[in-house]
Amino acid sequence: MKTHFSKVLFLTALFGVSLISFSVLAVPPHTPGLTTGAPVGATWHEWEVRAYNDRSPTHRYMARQTICFRYVGTVGTHDSYEWYSNSYFNWNGRATQEGDQISMHGDFWNEVGHDGMTWQLTTQENAANSKLLEQGAGHWYEWIENAALGWSVGFANTLWTKTGKKCEDPATHRFQSAAVEDQEYISPQNIDRRNIEK
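Mapping of the sequence shown onto mature numbering (1 follows the signal peptide of the UniProt record, and there is no 0): residues -26 to -1, 1 to 172, in sequence order.
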(Lines of atoms letter the chains of each structure in order from A and count residues from 1; the text may use other names and numbers.)
(Lines give C-alpha, C1' and ligand atoms only; values in the text may rest on other atoms or scores of the structure.)
Protein backbone atom coordinates (compact mmCIF):
# COMPACT_ATOMS: atom_id res chain seq x y z
CA MET A 1 0.00 0.00 0.00
CA LYS A 2 2.82 2.36 0.89
CA THR A 3 4.61 1.60 -2.40
CA HIS A 4 1.43 2.24 -4.41
CA PHE A 5 0.90 5.59 -2.68
CA SER A 6 4.54 6.59 -3.37
CA LYS A 7 4.15 5.76 -7.07
CA VAL A 8 0.92 7.75 -7.32
CA LEU A 9 2.54 10.71 -5.56
CA PHE A 10 5.60 10.51 -7.83
CA LEU A 11 3.50 10.29 -11.02
CA THR A 12 1.29 13.18 -9.90
CA ALA A 13 4.36 15.35 -9.23
CA LEU A 14 5.92 14.35 -12.57
CA PHE A 15 2.71 15.19 -14.43
CA GLY A 16 2.53 18.59 -12.70
CA VAL A 17 6.16 19.39 -13.60
CA SER A 18 5.57 18.37 -17.22
CA LEU A 19 2.54 20.69 -17.45
CA ILE A 20 4.60 23.56 -16.08
CA SER A 21 7.42 22.79 -18.53
CA PHE A 22 5.11 22.76 -21.55
CA SER A 23 3.42 26.00 -20.54
CA VAL A 24 6.80 27.70 -20.12
CA LEU A 25 7.93 26.60 -23.60
CA ALA A 26 4.85 28.11 -25.24
CA VAL A 27 5.24 31.59 -23.73
CA PRO A 28 7.05 34.30 -25.72
CA PRO A 29 9.56 35.81 -26.05
CA HIS A 30 11.19 32.83 -27.72
CA THR A 31 14.96 32.43 -27.56
CA PRO A 32 16.77 32.44 -29.86
CA GLY A 33 14.64 34.90 -31.78
CA LEU A 34 14.98 36.85 -34.99
CA THR A 35 15.80 40.02 -33.01
CA THR A 36 16.68 38.54 -29.61
CA GLY A 37 16.66 41.19 -26.89
CA ALA A 38 15.25 44.02 -29.00
CA PRO A 39 12.25 45.89 -27.59
CA VAL A 40 9.02 46.26 -29.57
CA GLY A 41 9.42 48.49 -32.63
CA ALA A 42 13.14 49.03 -32.09
CA THR A 43 15.94 48.21 -34.50
CA TRP A 44 15.83 46.05 -37.61
CA HIS A 45 18.12 42.97 -37.61
CA GLU A 46 19.61 41.54 -40.81
CA TRP A 47 19.55 37.89 -41.88
CA GLU A 48 20.94 36.40 -45.09
CA VAL A 49 18.94 33.74 -46.91
CA ARG A 50 20.31 31.46 -49.62
CA ALA A 51 17.93 29.47 -51.83
CA TYR A 52 18.61 26.09 -53.46
CA ASN A 53 16.27 24.54 -56.03
CA ASP A 54 14.30 21.85 -54.20
CA ARG A 55 13.30 20.15 -57.48
CA SER A 56 16.90 19.77 -58.65
CA PRO A 57 18.71 16.50 -57.86
CA THR A 58 21.77 18.61 -57.03
CA HIS A 59 19.81 21.33 -55.19
CA ARG A 60 21.25 23.97 -57.54
CA TYR A 61 21.93 27.39 -56.01
CA MET A 62 19.24 29.90 -57.01
CA ALA A 63 19.58 33.18 -55.13
CA ARG A 64 20.89 35.07 -52.12
CA GLN A 65 19.06 37.93 -50.44
CA THR A 66 19.18 39.80 -47.15
CA ILE A 67 16.08 40.35 -45.05
CA CYS A 68 15.62 42.66 -42.07
CA PHE A 69 13.27 41.82 -39.19
CA ARG A 70 11.72 44.07 -36.55
CA TYR A 71 9.93 42.70 -33.48
CA VAL A 72 6.40 44.14 -33.17
CA GLY A 73 4.99 42.23 -30.17
CA THR A 74 3.25 39.00 -29.28
CA VAL A 75 -0.01 37.39 -30.33
CA GLY A 76 -0.92 34.50 -28.04
CA THR A 77 2.02 32.09 -28.08
CA HIS A 78 3.73 33.74 -31.08
CA ASP A 79 6.33 36.48 -31.42
CA SER A 80 5.35 38.77 -34.33
CA TYR A 81 7.65 40.55 -36.76
CA GLU A 82 7.59 42.83 -39.78
CA TRP A 83 10.24 42.27 -42.43
CA TYR A 84 11.63 43.86 -45.57
CA SER A 85 14.49 43.04 -47.90
CA ASN A 86 17.33 45.53 -48.08
CA SER A 87 18.61 43.76 -51.20
CA TYR A 88 15.42 43.51 -53.32
CA PHE A 89 13.27 46.61 -53.77
CA ASN A 90 9.78 46.64 -52.24
CA TRP A 91 9.89 43.03 -50.99
CA ASN A 92 8.29 42.86 -47.55
CA GLY A 93 5.83 41.09 -45.31
CA ARG A 94 5.13 39.62 -41.90
CA ALA A 95 6.62 36.78 -39.86
CA THR A 96 5.59 34.85 -36.78
CA GLN A 97 7.63 32.65 -34.44
CA GLU A 98 6.54 29.88 -32.08
CA GLY A 99 9.43 28.15 -30.38
CA ASP A 100 12.08 27.63 -33.07
CA GLN A 101 9.55 27.62 -35.95
CA ILE A 102 9.34 30.68 -38.24
CA SER A 103 6.52 31.26 -40.76
CA MET A 104 6.62 34.17 -43.21
CA HIS A 105 4.55 35.63 -46.03
CA GLY A 106 5.09 38.64 -48.25
CA ASP A 107 5.02 40.24 -51.69
CA PHE A 108 7.93 40.85 -54.04
CA TRP A 109 5.76 42.53 -56.71
CA ASN A 110 2.81 44.60 -55.49
CA GLU A 111 -0.27 42.38 -55.22
CA VAL A 112 1.01 40.00 -57.94
CA GLY A 113 4.19 38.25 -56.80
CA HIS A 114 4.04 36.37 -53.50
CA ASP A 115 6.36 34.47 -51.16
CA GLY A 116 5.90 32.00 -48.36
CA MET A 117 8.68 30.69 -46.14
CA THR A 118 8.76 28.22 -43.29
CA TRP A 119 12.00 27.50 -41.48
CA GLN A 120 13.44 26.50 -38.16
CA LEU A 121 16.03 28.36 -36.11
CA THR A 122 19.14 26.50 -35.02
CA THR A 123 21.95 27.74 -32.84
CA GLN A 124 25.41 26.25 -32.76
CA GLU A 125 28.65 27.29 -31.13
CA ASN A 126 31.53 28.35 -33.35
CA ALA A 127 34.45 26.17 -32.22
CA ALA A 128 36.99 28.83 -33.20
CA ASN A 129 35.71 31.61 -30.93
CA SER A 130 32.93 30.05 -28.79
CA LYS A 131 30.37 32.54 -30.16
CA LEU A 132 26.88 31.40 -31.04
CA LEU A 133 26.16 31.17 -34.76
CA GLU A 134 22.46 31.78 -35.34
CA GLN A 135 21.23 29.96 -38.42
CA GLY A 136 18.11 28.32 -39.75
CA ALA A 137 16.92 26.03 -42.52
CA GLY A 138 13.63 25.41 -44.26
CA HIS A 139 11.56 26.06 -47.39
CA TRP A 140 10.77 29.01 -49.66
CA TYR A 141 8.10 29.09 -52.35
CA GLU A 142 7.16 31.87 -54.76
CA TRP A 143 4.32 32.33 -57.21
CA ILE A 144 2.86 34.97 -59.49
CA GLU A 145 -0.86 35.52 -59.83
CA ASN A 146 -2.60 34.99 -63.16
CA ALA A 147 -6.20 34.38 -64.17
CA ALA A 148 -5.86 30.67 -63.34
CA LEU A 149 -3.97 29.04 -60.46
CA GLY A 150 -0.80 31.13 -60.66
CA TRP A 151 2.69 30.59 -62.05
CA SER A 152 5.17 28.85 -59.79
CA VAL A 153 8.42 30.78 -59.67
CA GLY A 154 10.13 28.16 -57.55
CA PHE A 155 10.22 25.78 -54.64
CA ALA A 156 13.47 26.07 -52.71
CA ASN A 157 15.34 24.87 -49.67
CA THR A 158 16.83 27.67 -47.61
CA LEU A 159 19.82 28.33 -45.40
CA TRP A 160 19.51 31.36 -43.11
CA THR A 161 22.34 33.11 -41.25
CA LYS A 162 22.04 36.06 -38.88
CA THR A 163 24.62 38.60 -40.07
CA GLY A 164 24.84 40.57 -36.83
CA LYS A 165 24.18 43.81 -38.73
CA LYS A 166 21.47 46.33 -37.96
CA CYS A 167 19.36 47.59 -40.87
CA GLU A 168 18.15 51.05 -41.70
CA ASP A 169 14.48 51.84 -41.39
CA PRO A 170 12.85 50.86 -44.71
CA ALA A 171 11.58 54.42 -45.20
CA THR A 172 15.17 55.72 -45.38
CA HIS A 173 16.97 52.73 -46.90
CA ARG A 174 18.61 53.29 -50.31
CA PHE A 175 18.53 50.11 -52.32
CA GLN A 176 21.61 48.79 -54.05
CA SER A 177 21.17 46.64 -57.13
CA ALA A 178 20.64 42.99 -56.32
CA ALA A 179 23.24 40.54 -57.57
CA VAL A 180 22.92 39.91 -61.31
CA GLU A 181 22.06 36.24 -60.84
CA ASP A 182 19.24 37.18 -58.48
CA GLN A 183 17.79 39.72 -60.93
CA GLU A 184 17.90 37.16 -63.72
CA TYR A 185 16.34 34.47 -61.56
CA ILE A 186 13.32 36.53 -60.60
CA SER A 187 12.68 38.27 -63.93
CA PRO A 188 9.34 37.47 -65.63
CA GLN A 189 11.14 36.11 -68.69
CA ASN A 190 12.79 33.40 -66.60
CA ILE A 191 9.75 32.01 -64.82
CA ASP A 192 9.70 28.30 -65.48
CA ARG A 193 6.61 28.01 -67.68
CA ARG A 194 6.62 24.24 -67.12
CA ASN A 195 5.41 25.00 -63.60
CA ILE A 196 2.24 26.70 -64.82
CA GLU A 197 -0.77 24.89 -63.45
CA LYS A 198 -3.14 23.67 -66.18
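The C-beta atom is built at its ideal place from N, Cα and C for all residues, glycine as well.
1. Could you say which of W83, L123, R29 lies nearest to residue 173 if we only look at CA atoms?
2. Per DSSP, which residues does H53 bridge with? Please list them.
3. Check whether the stretch 12 to 30 touches the stretch 74 to 90, counting contact only when three or more Cβ pairs, one atom from each stretch, lie closer than 8 Å.
4. Under 8 Å Cβ to Cβ from R44, same chain only, skipping five residues before and after it: list those, please.
5. By Cβ distance, which residues of its chain are closer than 7 Å to S(-4), with the 5 residues on each side in sequence left out?
6. Tell whether a beta-carbon distance below 8 Å holds between residue 174 and T70.
7. Could you name the residues of the same chain whose beta carbon sits closer than 6 Å to that of P6, not counting the 5 residues immediately before and after it, in chain order?
8. Which same chain residues, not among the five before or five after Q75, have their C-beta less than 7 Å away from its C-beta?
9. Going by C-alpha distance, which of L133, A102, E119 is nearest D81?
10. Output needed for K140: all residues of its chain with C-beta closer than 6 Å, excluding positions within five of it in sequence on either side, in chain order.
Reading it off the structure:
1. Outside the displayed span of the chain (-26 to 172) sits residue 173, for which this structure offers no information.
2. First, the residue type needs correcting, since residue 53 is Asp and not His in the sequence shown. Beta-bridge pairing links D53 to T48, Q71.
3. Flag = no, the stretch 12 to 30 and the stretch 74 to 90 do not touch.
4. Its chain contains T9, A12, G15, A16, T17, W18, H19, Y55, E56, W57 as the residues whose beta carbon lies nearer than 8 Å to that of R44, once the 5 sequence neighbours on both sides are disregarded; these appear in chain order.
5. Reliability fails at S(-4), whose pLDDT of 45 lies under 50, so the model's placement of it is uncertain and no value is given.
6. Nothing about residue 174 can be read from this structure; the chain reaches only from -26 to 172.
7. Annotation for P6: L95, T97, E108 place their beta carbon closer than 6 Å to its own, counting only its chain and skipping 5 residues before and after.
8. Scanning its chain for C-beta atoms nearer than 7 Å, with the 5 sequence neighbours on each side dropped, one finds around Q75 the residues Q94, in chain order.
9. E119
10. Contacts found: T17.
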